[in-house]
Amino acid sequence: MNYNYKPKELTLCTHCILPETFPGISFDEQGVCKYCRQEEKKIIHLDEKKEEYRKKLDSLIDGTRNKAPVYDVILAYSGGKDSSYTLKLLREKYDLRILAITLDNHFVSPAAFKNIKNVTDHLGVDTYSVRPPWPVISEMFTLTAKADVFSKTTLLRASSVCTACIGIVKNLILKTALEMSVPLVAFGWSPGQAPIQSAIMKTNPGMAQQAQEALLNSFPESIRKKIIPYYVPKTYFEIYRERFPQNIHPLAFFDYDEKNIIKELGQIGWMEPKDTDTNSSNCLMNAFANHCHIERHGFHPYVWEIANMVRQGVMEREEGIHKIYSDQNIQMINFAKERLGI
Ligand SMILES: [Zn+2]
56 MNYNYKPKEL TLCTHCILPE TFPGISFDEQ GVCKYCRQEE KKIIHLDEKK EEYRKKLDSL
116 IDGTRNKAPV YDVILAYSGG KDSSYTLKLL REKYDLRILA ITLDNHFVSP AAFKNIKNVT
176 DHLGVDTYSV RPPWPVISEM FTLTAKADVF SKTTLLRASS VCTACIGIVK NLILKTALEM
236 SVPLVAFGWS PGQAPIQSAI MKTNPGMAQQ AQEALLNSFP ESIRKKIIPY YVPKTYFEIY
296 RERFPQNIHP LAFFDYDEKN IIKELGQIGW MEPKDTDTNS SNCLMNAFAN HCHIERHGFH
356 PYVWEIANMV RQGVMEREEG IHKIYSDQNI QMINFAKERL GI
């Protein structure tokens, strides 16, 4: 399989955009995939569910705003459109005191950094970035570009490279929230990335510890030792037991329309980057990460997310096909490869 894999060479679900190469898939006589059929009932009640979650967030925020020492919420901020839009929402609609943290993985695009500065200045939000040294990042990305170290289920939804990077982001945000006693942590997951059922959820210390250990144990010892400082120290699960924050990803239950998001963000100084691929508005590693995943698995690592959005009606099917089945930008693939020396 090469990265030029096209819808015309593959059977796609006639309703969403999942391909015949997606693990476990089957199609009925109408050509609709089993995942679309499984989701049908949930989709009917999606609008009510969204309304319920918006109310839930209102009351959660009423109970937490201005109670913590310094910040109400920490946002994992990539500078991409979804996290920028989440930031705007939390600031303008909810008037929260926000700390926006960026993991500088050495592949954050210059345009994304410019957007981070413009948006946080405009909204009056504190921000900082954490930059692990290049030897840490390059060893982690080189390994995950070459091999799949994570579980099969994880790899249905994201590439190995992305999973490694997001693992640091999630744990770094949680660690900082515990240290600073911040009651909310927020992510800009799109409505296709994470289900609405998990969109507002108290972080359970036991489960968080288990998830962290499973992730860390996927890496060889040499990498594990290097990335552990960005993860939550074991002692925190005990000493900060009462401080574990609520995890929120509001885009799962607010209106999501990519064109409108880009337009609204334009009013606060965010500009659509020209230096990234169709699935990321911030990361220069993404095209290569996608390419490696497609080569190894025969499906695009974003196809699950985009298929969900098509199914939910927040993205046109044609737009989804364009995002997933366009060629990966060869210059971007080579850029990442060369930097990693692969
Ligand atoms: Zn489908």
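Note that the numbering used here has the sequence shown beginning at 56, numbered continuously upward.
The beta-carbon is built from N, C-alpha and C at its ideal position, and this holds for glycine as well.
Collapsed DSSP secondary structure at residue i in the structure displayed
{"i": "residue 56", "result": "Per-residue confidence for residue 56 stands at a pLDDT of 35, beneath the threshold of 50, marking its modelled position as unreliable; no derived number is given."}
{"i": "residue 394", "result": "helix"}
{"i": "residue 162", "result": "coil"}
{"i": "residue 74", "result": "strand"}
{"i": "residue 308", "result": "coil"}
{"i": "residue 334", "result": "coil"}
{"i": "residue 66", "result": "coil"}
{"i": "residue 259", "result": "coil"}
{"i": "residue 290", "result": "coil"}
{"i": "residue 155", "result": "strand"}
{"i": "residue 354", "result": "coil"}
{"i": "residue 386", "result": "helix"}
{"i": "residue 82", "result": "strand"}
{"i": "residue 377", "result": "helix"}
Residue i: CB within 8 Å of a non-hydrogen atom of ligand 1
{"i": "residue 70", "result": "yes"}
{"i": "residue 212", "result": "no"}
{"i": "residue 101", "result": "no"}
{"i": "residue 90", "result": "yes"}
{"i": "residue 87", "result": "yes"}
{"i": "residue 344", "result": "no"}
{"i": "residue 186", "result": "no"}
{"i": "residue 73", "result": "yes"}
{"i": "residue 362", "result": "yes"}
{"i": "residue 351", "result": "no"}
{"i": "residue 394", "result": "no"}
{"i": "residue 366", "result": "yes"}
Beta-carbon proximity check, residue i vs residue j, cutoff 9 Å
{"i": "residue 295", "j": "residue 233", "result": "yes"}
{"i": "residue 240", "j": "residue 258", "result": "yes"}
{"i": "residue 200", "j": "residue 342", "result": "no"}
{"i": "residue 263", "j": "residue 287", "result": "yes"}
{"i": "residue 355", "j": "residue 388", "result": "no"}
{"i": "residue 164", "j": "residue 275", "result": "no"}
{"i": "residue 158", "j": "residue 133", "result": "yes"}
{"i": "residue 311", "j": "residue 334", "result": "no"}
{"i": "residue 320", "j": "residue 143", "result": "yes"}
{"i": "residue 281", "j": "residue 195", "result": "yes"}
{"i": "residue 67", "j": "residue 376", "result": "yes"}
{"i": "residue 65", "j": "residue 78", "result": "no"}
{"i": "residue 108", "j": "residue 251", "result": "yes"}
{"i": "residue 99", "j": "residue 372", "result": "no"}
Residue span of the beta strand (DSSP E) that contains residue i, given as start and end
{"i": "residue 184", "result": "181 to 185"}
{"i": "residue 144", "result": "Residue 144 -> no beta strand (DSSP E), and no H or E assigned at all."}
{"i": "residue 123", "result": "Where residue 123 is concerned, there is no enclosing beta strand (DSSP E), given that its DSSP letter is neither H nor E."}
{"i": "residue 240", "result": "239 to 241"}
{"i": "residue 129", "result": "128 to 131"}
CA nearest to the CA of residue i, picked from the options
{"i": "residue 299", "options": "282, 347, 164 and 128", "result": "128"}
{"i": "residue 205", "options": "193, 221, 190 and 192", "result": "221"}
{"i": "residue 292", "options": "226, 275 and 348", "result": "226"}
{"i": "residue 150", "options": "136, 209 and 126", "result": "126"}
{"i": "residue 106", "options": "86, 306, 271 and 80", "result": "306"}
{"i": "residue 203", "options": "193, 192, 313 and 219", "result": "219"}
{"i": "residue 324", "options": "344, 79, 171 and 137", "result": "171"}
{"i": "residue 102", "options": "92, 246 and 156", "result": "246"}
{"i": "residue 322", "options": "244, 190 and 173", "result": "173"}
{"i": "residue 243", "options": "337, 169 and 395", "result": "337"}
{"i": "residue 96", "options": "385, 367 and 386", "result": "367"}
{"i": "residue 120", "options": "148, 383, 141 and 98", "result": "148"}
{"i": "residue 231", "options": "373, 92 and 131", "result": "131"}
{"i": "residue 115", "options": "381, 303 and 153", "result": "303"}
{"i": "residue 137", "options": "248, 278 and 265", "result": "248"}
{"i": "residue 255", "options": "278, 285 and 301", "result": "301"}
{"i": "residue 70", "options": "76, 82 and 77", "result": "82"}
{"i": "residue 370", "options": "394, 386 and 316", "result": "316"}
{"i": "residue 179", "options": "146, 156, 364 and 189", "result": "146"}
{"i": "residue 191", "options": "99, 313, 277 and 100", "result": "277"}
Segment limits, alpha helix (DSSP H) that includes residue i
{"i": "residue 105", "result": "101 to 119"}
{"i": "residue 367", "result": "358 to 367"}
{"i": "residue 303", "result": "Unbroken run through residue 303 is the beta strand (DSSP E), 301 to 303; no alpha helix (DSSP H)."}
{"i": "residue 215", "result": "215 to 235"}
{"i": "residue 200", "result": "189 to 201"}
{"i": "residue 298", "result": "First-last for residue 298: undefined, no H or E at that position."}
Cβ of residue i within 9 Å of any chain B Cβ
{"i": "residue 394", "result": "No chain B appears in the structure shown, which is made up of a single protein chain."}
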